[in-house]
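Start counting at 1 in the sequence shown, then tack on 263, and there's your number in the numbering used here.
Where is the CB? At the ideal position from N, CA and C, for every residue including glycine.
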Amino acid sequence: LIRRSTAATAGRVLLAYHALRAGASTVAVNIGNHASMVRPVVAPMAEGAAARSGVPSPDKTAGIRAHAAASENLGNFFADDIFVAVGPVLLIKGVLDAAGVRADVMAIAWWGAPTALWVLAVGWWRYRALDRRLSGGGP
Numbered sequence: 264l265i266r267r268s269t270a271a272t273a274g275r276v277l278l279a280y281h282a283l284r285a286g287a288s289t290v291a292v293n294i295g296n297h298a299s300m301v302r303p304v305v306a307p308m309a310e311g312a313a314a315r316s317g318v319p320s321p322d323k324t325a326g327i328r329a330h331a332a333a334s335e336n337l338g339n340f341f342a343d344d345i346f347v348a349v350g351p352v353l354l355i356k357g358v359l360d361a362a363g364v365r366a367d368v369m370a371i372a373w374w375g376a377p378t379a380l381w382v383l384a385v386g387w388w389r390y391r392a393l394d395r396r397l398s399g400g401g402p
């Protein structure tokens with residue numbers, strides 16, 4: 264299916280998963296992890312998209328798999344801090360309280376959103392760079 268899609272590239276597949284993962288993490292919905300989602304689904308989809316222009320070398324395949332793992336980590340980790348009722352926000356609040364720093368959980372969550380958006384933007388740039396490398400256009 265991915266190989267037949269004319270617009271799919273490895274970077275676009277990974278960006279879509281990164282955004283999906285971040286959106287799901289924002290509302291505390293678990294859609295999988297490395298073992299249940301990335302290795303059997305996301306990485307092969309990205310490799311299939313890259314294979315439309317020829318079979319990628321083992322080094323390029325390893326790079327795709329590394330970026331797939333990063334999309335899981337970044338999408339999950341940085342978007343967790345947006346929803347107030349999830350563990351990371353409450354953990355941050357507890358640590359700040361123990362240190363004597365007053366902080367509101369809504370303020371912590373409010374500042375989590377720009378961080379998650381920035382990480383998504385950096386991810387977009389990295390996935391575009393991956394596509395350029397796969398097409399032979401850059402380091």
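Would you kindly work out how many angstroms separate the C-alpha atoms of T324 and A372, rounded to a whole number? 37 Å
Just checking my contact of G338 with H281 at CB under 8 Å: how many whole Å lie between their CB atoms? 5 Å
Start and end residues, alpha helix (DSSP H) containing I371: V368 to L397
Would you kindly check if the distance between the Cβ of A287 and the Cβ of L397 is under 8 Å? no
Measure the alpha-carbon distance for A384 versus T378 and round it to whole angstroms. 10 Å
Taking the alpha helix (DSSP H) that T289 falls in, what are its first and last residues? A273 to T289
Relative to the alpha-carbon of R302, which residue among H330, T289 and P319 has its alpha-carbon at the smallest distance? H330
Should M308 be labelled buried (16 or more other beta-carbon atoms within 10 Å of its own) or exposed? buried
Please confirm whether P351 and D344 have their CB atoms less than 8 Å apart. yes
R328 - containing alpha helix (DSSP H), residue span: P321 to A342
Between which two residues does the alpha helix (DSSP H) containing G311 stretch? A306 to A313
Alpha-carbon spacing of R365 relative to L354, whole angstroms: 14 Å
Suppose you measure from the CA of R275 to the CA of A291; what does that come to, to the nearest Å? 24 Å
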